[in-house]
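In this text, residue positions in the sequence shown follow UniProt numbering: the first is 1, and each later residue adds one.
Glycine included, each C-beta is placed from N, C-alpha and C at the ideal position.
Just so we're clear, the structure is a prediction, and the values are computed from it rather than from any experiment.
Accompanying notes for the structure given below.
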Amino acid sequence: MPEISAIGNNGTLFNSGVMVIEPSNCTFQLLMDHIGDIESYNGGDQGYLNEIFTWWHRIPSHMNFLKHFWEGDVEETKALKTYLFGADPPTLHVLHYLGLKPWLCFRDYDCNWNVDNLQEFASDVAHARWWKVHDRMTTYLQSFCLLSEKQKGQLEWDRIQARKANSSDGHWKRTITDPRRNICNEEICNGKKKEKLSDDRNRLDHGFNASSSTKIISKL
């Protein structure tokens, strides 16, 4: 495949998650020379590269399949995407997780459901697919997927906001069973602080009122 090859992201733009680029000192220098001159539309590498490479070749979508339900997707399209996310044996070479990544969610469900403007990226089937891969990894590699207390606090906050909004998908009602929720190597989890964090989470799980829960989360 020629330079530059990628899948479409939206409109005339390509997605930079998987690309074919020919190694070139000249191209590298061009990219470095204009970093300060060009503003990326999304603040990342993708926006910058689209400004540099305005002509590109398309590769099949299964080589970098975006986990995204577009606004115009009909039910048949959504059903096909859901099938592809969970197909066994897999038919996608790469499943590109957009929005909140599975390793940053509790494993019980896709946490994109709890954030209104991220629900277009939510798929419990794709979420479960990633966790199957996680469970085949060594314990050492799994340790890099542990959540910090700040990350857990954000997940709990999002869950509370979804509950307060009475989000119709109902994922916020589910009991969190992910063992990573109670695993902590940070100093905040030592001694009495660890006991308090555990008590706070138990209160959340037993329907502690939203206003009090919000105060608890803000301290995590």
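Quiz item: At what residues does the alpha helix (DSSP H) containing G86 begin and finish?
Solution: From DSSP, the alpha helix (DSSP H) with G86 extends over 75-86.
Practice problem: Could you spell out the range, first to last residue, of the alpha helix (DSSP H) harbouring N114? | Solution: Annotation for N114: no alpha helix (DSSP H) segment contains it, and DSSP assigns it neither H nor E.
Quiz item: Alpha carbon to alpha carbon, how far is A162 from D116?
Solution: Cα-Cα distance, rounded: 8 Å.
Practice problem: Report the residue ranges of all alpha helix (DSSP H) runs contained in full by the segment 110-195; include only those spanning at least 4 residues, in chain order. | Solution: DSSP runs (the alpha helix (DSSP H)) wholly in the segment 110-195: 124-135, 139-142, 149-164.
Practice problem: Name the one or two DSSP bridge partners that G72 has. | Solution: DSSP, once it has assigned bridges, lists no residue as partnering G72.
Quiz item: What does L95 pair with, by DSSP beta-bridge criteria?
Solution: F65.
Quiz item: Quick one, which of H96, W103, L95, H127 has its alpha-carbon nearest R110's?
Solution: Correcting the residue identity first, residue 110 is Asp in this sequence and not Arg. By alpha-carbon distance to D110, the top candidate from H96, W103, L95, H127 is H127.
Exercise. Buried or exposed for W70, please, with buried defined as at least 16 other CB atoms from any protein chain shown within 10 angstroms of its CB.
Key: When all chains shown are included, W70 counts as exposed.
Quiz item: Quick one, which of E75, D37, N50, G36 has its alpha-carbon nearest N9's?
Solution: In terms of CA proximity to N9, N50 leads the group E75, D37, N50, G36.
Quiz item: Going straight from the alpha carbon of H171 to that of E22, what length do you get?
Solution: Approximately 45 Å between the Cα atoms of the pair.
Quiz item: Per DSSP, which one or two residues make a beta bridge with F28?
Solution: For F28, which the question treats as bridged, DSSP gives no partner whatsoever.
Quiz prompt | Among V18, G17, M32, the one whose alpha carbon lies nearest that of S24 | solution = Looking at the Cα atoms, M32 is the closest of the given residues.
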